[in-house]
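Chains as they are written, first to last, in the working numbering: chain A, 1 to 205; chain B, 1001 to 1031.
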């Protein structure tokens, strides 16, 4: 078998037998939503099943992250037929996958302590934010064009698009404009390190 | 093999008891 150009998130979790770290979670969210929003902009919105899995999230050697339809090989991507999911359904599914990747290997009676911004992002993506307004701190990135004096309205209460997710991920960094390069580098490093481990373990075997 | 795996992938995080109103419970209800 020749060198692999892509690994699924499931491959990565199984190889390490550990959860991903928070920075990797931010990076996979940003990169995956970048791919999905570009697909949409090009009018190439692929039909996607309602329930996505970590096996469908593919990290590439160059740090790109793509989302493939279920149960097919890389070469068949996009050729299978599925019922179409809405953008918010895909985001919800992605949020759940990312949470499970952060929670990987933990017992059912245990809960990982996440940093508040990442927990908020996942809460918003997975659409599990409480409706009572108790979780309204923090994010302004996804509401463009609002005036400064209207802070309450600027606080995001829901994610509606891939771009909203990307803006929240960018706002997590000290310099938002660095987001594309930074998150690509994080995913590239995750791929490289995982391949290094994969190669090493293969040699041992 | 397991030592290599853990050394390579070591990530630090805190674990707390699962809480009924925590994100894990909310995500579990979704799935």
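Backbone N, C-alpha and C define an ideal beta-carbon position, used for all residues, glycine too. Since the structure is predicted, the reported quantities are computational estimates derived from the model, not experimental observations.
Own chain partners of residue 18 of chain A with C-beta closer than 8 Å, once the 5 adjacent residues on each side are dropped: As a working note, residue 18 of chain A is residue 18 in the first chain. Result list for residue 18 of chain A: 104 and 105, in chain order.
Beta carbon proximity, residue 104 of chain A to chain B, threshold 8 Å: Here residue 104 of chain A refers to the residue found at position 104 when the first chain is read from its first residue. False, the Cβ-Cβ gap to chain B never drops below 8 Å.
Chain B contacts from the stretch 89-123 of chain A (Cβ-Cβ distance under 9 Å): 92, 95, 96, 99, 100, 102, 103, 106, 107, 108, 109, 110, 111, 112, 113, 114, 119, 122 and 123
Residues bridged to residue 19 of chain A (per DSSP): On the first chain, position 19 is the one that residue 19 of chain A refers to. Residue 19 of chain A is not bridged to any residue.
Residue 1012 of chain B, buried or exposed, once every other Cβ within 10 Å from all chains shown has been counted against 16: Taking the first residue of the second chain as 1, we reach residue 1012 of chain B at position 12. That one is exposed.
Where the beta strand (DSSP E) containing residue 1015 of chain B begins and where it ends: Counting from 1 along the second chain, the entry for residue 1015 of chain B is found at position 15. Per DSSP, residue 1015 of chain B belongs to the beta strand (DSSP E) from 1014-1017.
Residue range of the unbroken beta strand (DSSP E) whose run includes residue 1021 of chain B: The sequence position of residue 1021 of chain B within the second chain is 21, counting from 1. Counting along the chain, residue 1021 of chain B falls outside any beta strand (DSSP E), and DSSP gives it neither H nor E.
The stretch 159-178 of chain A: positions lying closer than 9 Å to chain B by Cβ: none
Bridge-paired residues (DSSP) for residue 207 of chain A: As displayed, chain A neither begins before 1 nor continues past 205, which places residue 207 of chain A out of reach and without an answer.
Three-way DSSP call (helix, strand, coil) for residue 108 of chain A in this model: By one-based count along the first chain, residue 108 of chain A stands at place 108. Here residue 108 of chain A sits in coil by DSSP.
Residue 128 of chain A in three-state terms, based on DSSP: In the first chain, residue 128 of chain A corresponds to position 128, counting from 1. Residue state, collapsed to three classes: coil.
Span separating the alpha-carbon of residue 117 of chain A from that of residue 93 of chain A: By one-based count along the first chain, residue 117 of chain A stands at place 117. By one-based count along the first chain, residue 93 of chain A stands at place 93. Between residue 117 of chain A and residue 93 of chain A, the C-alpha separation is close to 19 Å.
Of the listed residues A:10, A:111 and A:129, nearest to residue 54 of chain A (C-alpha basis): For the purposes of this step, residue 54 of chain A is identified with residue 54 of the first chain, where counting begins at 1. It is A:10.
Within chain B, partners of residue 200 of chain A - CB distance below 7 Å: Position 200 of the first chain holds residue 200 of chain A. Near residue 200 of chain A (Cβ distances below 7 Å), the residues of chain B are 1004.
Straight-line gap, residue 180 of chain A to residue 190 of chain A (C-alpha atoms, nearest Å): One-based indexing of the first chain puts residue 180 of chain A at position 180. One-based indexing of the first chain puts residue 190 of chain A at position 190. Answer to the nearest angstrom: the Cα atoms are 15 Å apart.
Closest residue to residue 26 of chain A among A:199, A:200, A:196 and A:169 (Cα-Cα distance): Here the question's residue 26 of chain A lines up with position 26 in the first chain. Residue 26 of chain A has its Cα closest to that of A:169, out of A:199, A:200, A:196 and A:169.
Cβ neighbours of residue 1024 of chain B in the same chain (closer than 7 Å, five flanking residues each side left out): Within the second chain, numbered from 1, the residue matching residue 1024 of chain B stands at position 24. Once the five neighbours on either side are set aside, the close Cβ partners of residue 1024 of chain B are 1018.
Within-8 Å CB hit, residue 128 of chain A to chain B: For the purposes of this step, residue 128 of chain A is taken as the residue at position 128 of the first chain. It does: the Cβ of residue 128 of chain A has a partner Cβ on chain B nearer than 8 Å.
For residue 6 of chain A: DSSP bridge partner residues: On the first chain, residue 6 of chain A is found 6 positions in, with the first residue counted as 1. The partner list for residue 6 of chain A (beta bridge, DSSP) reads A:60.
Chain A within 8 Å of residue 1017 of chain B, Cβ atoms only: Here residue 1017 of chain B is taken as the residue at index 17 of the second chain, counted from 1. Yes, residue 1017 of chain B counts as interfacial toward chain A.
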